[in-house]
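Under numbering that gives the first Met the number 0, the first residue of the sequence shown carries the number 0, and numbering increases by one thereafter.
Notes follow the structure.
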Amino acid sequence: MSNLLIENKGNTQVITINRPSKLNALNKATIQELSAAVTAADKDLTIKAIILTGSGEKAFVAGADISEFNTFEVEQAKELAKMGQDILFDLIEKCETPVIAAINGFALGGGLELAMSCHMRVASSNARMGLPEVSLGVIPGYGGTQRLAQLAGKGKAFELMFTAGMIKAEEALSCGLVNHVVEQDQLIEKCLEICEKMSKNSSVAIAAAIRAVNGGYKDGENGFETEINEFAKCFATGDFKEGTTAFLEKRKAIFPNN
Ligand code: COA
């Protein structure tokens, strides 16, 4: 995969978008490679978490690759947004392996949209985030209008989009856009620390929690009903039997599916 670097650290896979000369801008090939890499990692039962990051110290991802779509017409633009949402952004959101975005610099446009499709975000203190699409005469097309409003609230989302402004990591933390802010040299370590904590818990239950939370954001689905069904399905799993038995026997659970 020419635009990605993939490295396993224990049972976590770190996927690095590697186009530093273009600030890791998402061209079509990178989107396809990311889709294939996330699909493969999600299927691999030995991988318990995925970290997505950008190469270099300057950018996570500075957006969709503007040079690839500036001559597009309406139908091509529609296809571009739909393809991206289907094969990558929605795929990551639905991924049953937790995905953390390690935002190591600029996360703009499609870059912030990519980070927002992940289950969690950790930013380095130099990170800058925004959806500057209206400065190019367009709007976000990879789910940004929806996910920024979900994470930071409608008012903040409108302000960020209308002004095409960039916010610093601390401001992103205060509006709920990121979970943690750390120094750049601590970024992957902080993400790995979260992965380590998650890996002690039932991966089957974590996948159920992802489906339940996502259910609340899906048209035509009632998140509370999804939660009831996912809760009930856990009772048929070996992980539930082991987790509850271990608690009652006052020992640490050894989950059979981990
Ligand atoms: N698409 C395509 N190329 C991009 C890009 C993008 N979204 N973002 C950066 N690049 C390229 C630049 O064209 C430049 O390539 P070149 O050296 O071949 O000319 C290279 O990455 C470095 O970027 P540069 O603009 O020179 O760096 P900078 O430090 O001066 O500015 C940014 C950094 C992030 C402020 C600036 O690159 C930028 O505004 N990028 C676009 C952000 C954006 O609008 N994203 C939303 C897209 S929908």
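Ideal placement from N, C-alpha and C gives every residue a C-beta, glycine not left out.
Worksheet item: Under the DSSP definition of a beta bridge, which residues are partnered with His179?
Response: Here the question's residue 179 lines up with position 180 in the sequence shown. The partner list for His179 (beta bridge, DSSP) reads Val121.
Worksheet item: Between the beta-carbon of Leu130 and the beta-carbon of Pro139, is there less than 7 Å?
Response: Against the sequence shown, residue 130 aligns to sequence position 131. Against the sequence shown, residue 139 aligns to sequence position 140. Yes; because the gap between Cβ atoms is below 7 Å, this pair is in contact.
Worksheet item: Taking Cβ positions, are Ala100 and Cys117 nearer each other than 7 Å?
Response: In the sequence shown, residue 100 corresponds to position 101, counting from 1. In the sequence shown, residue 117 corresponds to position 118, counting from 1. Yes, Cβ-Cβ distance for Ala100 and Cys117 is below 7 Å.
Worksheet entry | Rounded Cβ spacing between Ile16 and Val60 (contact assumed at less than 8 Å) | Numbered from its first residue, the sequence shown carries residue 16 at position 17. Numbered from its first residue, the sequence shown carries residue 60 at position 61. Separation of the CB atoms of Ile16 and Val60 is rounded to 6 Å, and the pair is thereby assigned contact status at 8 Å.
Discussion item. Whether or not the segment 54-70 and the segment 15-33 are in contact is what I'm after, with contact meaning three or more pairs of Cβ atoms, one per stretch, closer than 8 Å; do they touch?
Written reply: Output reads yes: the segment 54-70 touches the segment 15-33.
Practice prompt. Flag this pair as yes or no: are the beta carbons of Gly109 and Gly142 separated by less than 7 Å?
Written response: Numbered from its first residue, the sequence shown carries residue 109 at position 110. Numbered from its first residue, the sequence shown carries residue 142 at position 143. The Cβ atoms of Gly109 and Gly142 lie no closer than 7 Å to each other.
Discussion item. Is Pro131 near the ligand COA - that is, is its Cβ less than 6 Å away from at least one heavy atom of it?
Written reply: Position 132 of the sequence shown holds residue 131. Yes.
Worksheet entry | For Val137, three-class secondary structure by DSSP | Working through the sequence shown from its first residue, we reach residue 137 at position 138. Collapsing the DSSP output to three states places Val137 in coil.
Practice prompt. For Gly108, verify whether its CB is less than 6 Å away from any heavy atom of the ligand COA.
Written response: Here residue 108 corresponds to residue number 109 of the sequence shown, with the count starting at 1. The nearest non-hydrogen atom of the ligand COA is less than 6 Å from the C-beta of Gly108.
Practice prompt. Measure how close the beta-carbons of Asn125 and Val203 come, nearest whole angstrom, since I'm counting them as under 8 Å.
Written response: The sequence position of residue 125 within the sequence shown is 126, counting from 1. The sequence position of residue 203 within the sequence shown is 204, counting from 1. Not quite, the Cβ-Cβ distance comes to about 37 Å (not below 8 Å), so this is no contact.
Fill in: Separation of Glu248 from Asp85, as counted between CA atoms
Sequence index remark: in the sequence shown, residue 85 carries index 86 (1-based). Sequence index remark: in the sequence shown, residue 248 carries index 249 (1-based). Taking the straight line joining both Cα atoms gives about 45 Å.
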